[in-house]
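Protein chains in written order, with my numbering: chain D, 1 to 140; chain B, 1001 to 1140; chain Z, 2001 to 2140; chain X, 3001 to 3140. Using N, Cα and C, we set each Cβ at its ideal position, and we do this for glycine too. Bear in mind the structure is a predicted one, so any value in this text is a computation, not a measurement.
Protein chains: 4
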Amino acid sequence: MMNIHSKFETQMQVRPDDIDLFQHVHSSRYMDYVLAARYEQMARCYGMSWEEFIKRGLGWYLTATTMNFLRPLGLGDRFIVRTWIEEFLADDAGVRVRFEIEKQETGKRCFSGHAEYKLVNLAVNRAVRIPEDIKARYSI
Amino acid sequence: MMNIHSKFETQMQVRPDDIDLFQHVHSSRYMDYVLAARYEQMARCYGMSWEEFIKRGLGWYLTATTMNFLRPLGLGDRFIVRTWIEEFLADDAGVRVRFEIEKQETGKRCFSGHAEYKLVNLAVNRAVRIPEDIKARYSI
Amino acid sequence: MMNIHSKFETQMQVRPDDIDLFQHVHSSRYMDYVLAARYEQMARCYGMSWEEFIKRGLGWYLTATTMNFLRPLGLGDRFIVRTWIEEFLADDAGVRVRFEIEKQETGKRCFSGHAEYKLVNLAVNRAVRIPEDIKARYSI
Amino acid sequence: MMNIHSKFETQMQVRPDDIDLFQHVHSSRYMDYVLAARYEQMARCYGMSWEEFIKRGLGWYLTATTMNFLRPLGLGDRFIVRTWIEEFLADDAGVRVRFEIEKQETGKRCFSGHAEYKLVNLAVNRAVRIPEDIKARYSI
């Protein structure tokens, strides 16, 4: 049985301070774009905002990521960040999210990869199992 | 005779990577917001994009700025960056730009200040007088 | 009677991610250099670290700054950040700090300015008068 | 036959502007630390600085990376970035570099991973084979 999760898209634009000495978006800013898209999609698409997680004392921590830099984005480029859950990790210890960035003008893929996040109880700074209600929200 | 220049507005949103250890937008990111707004307004409002300046071998360099931090912006906040030319510097050596940032939800001013930019010939890295056609575009 | 405060120096080096599209240190990173120097000098020179302020529920918030960009720093440059207290603000509501950055190789000044910080009770997010013991530490 | 390359170390310290809303070093800054260490090691350890590459019209572009976030670094932490070449890619199209970050105070590993870089002719923005003299320098 396949386990397919919805893909969500966020439109963004390169800020001049994202540009590096090679005149392209600095490589570490792609991670920030994925973070910004997930932040926005948490509230809009999964119906539970980052701030609601914080109120429950929870936050997602990045534990691992693999990223492919396919084509550079440049000054002023508009782009789409597409993200989706690939799977829940064993024992609901976290999620593996896939992402890709597409340049709007050309429709060409510039960046792709995946990341694993664990859910952390911020008060004690320890990973926790994803609660059932949150898992349900993320199972769309 | 008063010399009043048009005010222009750009809407933006705080990115999670802009937040600092006090849970507010990091102070240096406000400068980046003003830069992003000026970049966008150069093309849309003044009719001569940053890229067109570059093609002519020109770029604006920041030489001085004064900034007031009035109220912090936080995670996810939407805001308006308003900028306008206050005056051309003596001998058309540059411009003084004023700016302010307003939080969209409350309409309250969060940040204000001004900055001086000189126009630089990028090939020789030297300040130049603002050419007449550029001064005309900036005189709206 | 003059009120002269000690000047302190911190040596730093430009990181490649500080470089912007003009191949110079991005203007907003100079603020980050001053912050890094003050952070380091709080513990080493004033004998009360940032972390100790946090433990007492206190933090310094930037309220205003004026900065002059004199000569650009570039990739790999080593530099000295010199900072000192100019004066305590009225009613001990804060401090005005002056700073300057000097490129190590040439000894030339690249950046100068001043900033006002207020002391904030982080629990209620309100400015407080500088406590006597802290004022004493900062009066060197 | 094993192909073992030298490991090089660079000491660095967290800057306050690296800290994110969870009070830890922001995940994308680890990439910047690796970049800063490679930059420094290029000149000091491999005997050919970034600037010399630029003079020859060459630059290293990141094409892919995998990163593991093991333990967070925090405000003021000192750390060691260790990097080494794992192997040259097929047809000398690039290098795979491994890296790890260790917190100085505890000696514990906080971050590890690897990255692939290709060498680019900056004038035409195209990947090139690693020239023999550069390969020799990197074969230590």
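Kindly indicate which three-state DSSP category B/GLN1104 falls into: helix, strand or coil?
B/GLN1104 falls in the coil class under three-state DSSP.
Are the stretch 3046-3056 of chain X and the stretch 3022-3035 of chain X in contact at 8 Å, needing three or more beta carbon pairs?
Between the stretch 3046-3056 of chain X and the stretch 3022-3035 of chain X, the count of C-beta pairs closer than 8 Å stays below three; the two stretches do not touch.
Check the Cβ of X/THR3063 against every Cβ in chain A and list those closer than 9 Å, keeping chain order.
Judged by its chain identifiers, the structure shown contains no chain A, and its protein chains are D, B, Z and X.
Secondary structure of Z/SER2139, DSSP reduced to three states:
In the structure shown, Z/SER2139 adopts coil according to DSSP, grouped into three states.
Own chain, CB closer than 7 Å to B/ASN1121, minus 5 neighbours either side, in chain order:
Excluding sequence neighbours, B/ASN1121 sits near GLY1057, LEU1058, VAL1128.
Partners in chain X for B/LEU1075, counting only beta-carbon separations shorter than 8 Å
Residues of chain X passing the Cβ test: LEU3021.
Contact residues within the stretch 2031-2056 of chain Z, judged by C-beta distance below 7 Å to chain B
If the cut-off is 7 Å between Cβ atoms, the stretch 2031-2056 of chain Z has MET2031, ASP2032 near chain B.
For the beta strand (DSSP E) containing B/LEU1058, name the first residue and the last one.
Segment 1058-1069, the beta strand (DSSP E) holding B/LEU1058.
Beta-carbon proximity of X/ARG3082 to X/GLU3100, cut-off 8 Å
Contact flag set, yes.
Per DSSP, Z/GLY2076 is paired with what?
DSSP output for Z/GLY2076 lists no bridge partner at all.
Integer-rounded CB distance, given that Z/THR2010 should sit under 8 Å from B/THR1066:
Contact doesn't hold; Cβ gap of about 24 Å is too wide.
State the DSSP-derived secondary structure class of X/PHE3111, mapped to helix, strand or coil.
Shown here, X/PHE3111 sits in a strand according to DSSP, grouped into three states.
Under 8 Å, do Z/LEU2070 and Z/ARG2098 count as touching if we go by C-beta distance?
By the CB criterion at 8 Å, Z/LEU2070 and Z/ARG2098 fall outside the cutoff.
So X/GLN3011 is in the beta strand (DSSP E); what residue range does that whole segment cover?
Element bounds for X/GLN3011: 3007-3013.
Kindly indicate if chain B contains any beta-carbon less than 8 Å away from that of X/ASP3017.
Output row for X/ASP3017: interface = yes.
Answer yes or no: does any C-beta atom of chain Z fall closer than 8 Å to that of B/GLY1107?
With 8 Å as the cut-off, B/GLY1107 does not count as an interface residue toward chain Z.
Could you name the residues that DSSP lists as bridge partners for B/LEU1122?
Note: B/LEU1122 is not bridge-paired with any residue in the DSSP secondary-structure output.
Identity of the residues DSSP links to B/VAL1034 by a beta bridge:
Its beta-bridge partners do not exist; DSSP assigns none.
With 8 Å as the threshold, decide whether the Cβ of B/GLY1059 is near any Cβ in chain Z.
By this cut-off, B/GLY1059 is an interface position.
When burial is assigned at 16 or more other CB atoms within 10 Å of the CB, is B/SER1139 buried or exposed?
Per the 10 Å Cβ criterion, exposed.
Take D/GLY33 and list the residues in its own chain whose beta-carbon comes closer than 7 Å to its own, dropping the five residues that flank it on each side.
Per the sequence presented here, residue 33 of chain D reads as Tyr, with Gly not at that position. Around D/TYR33: MET12, VAL81, ILE101.
Separation of X/ILE3004 from X/VAL3095, as counted between CA atoms
When only Cα atoms are considered, X/VAL3095 and X/ILE3004 end up about 13 Å apart.
Within the same chain, show all residues whose beta-carbon is closer than 7 Å to that of D/LEU141, passing over the 5 residues directly before and after it, in chain order.
No answer is possible for residue 141 of chain D: it lies beyond the span of chain D, which begins at 1 and ends at 140.
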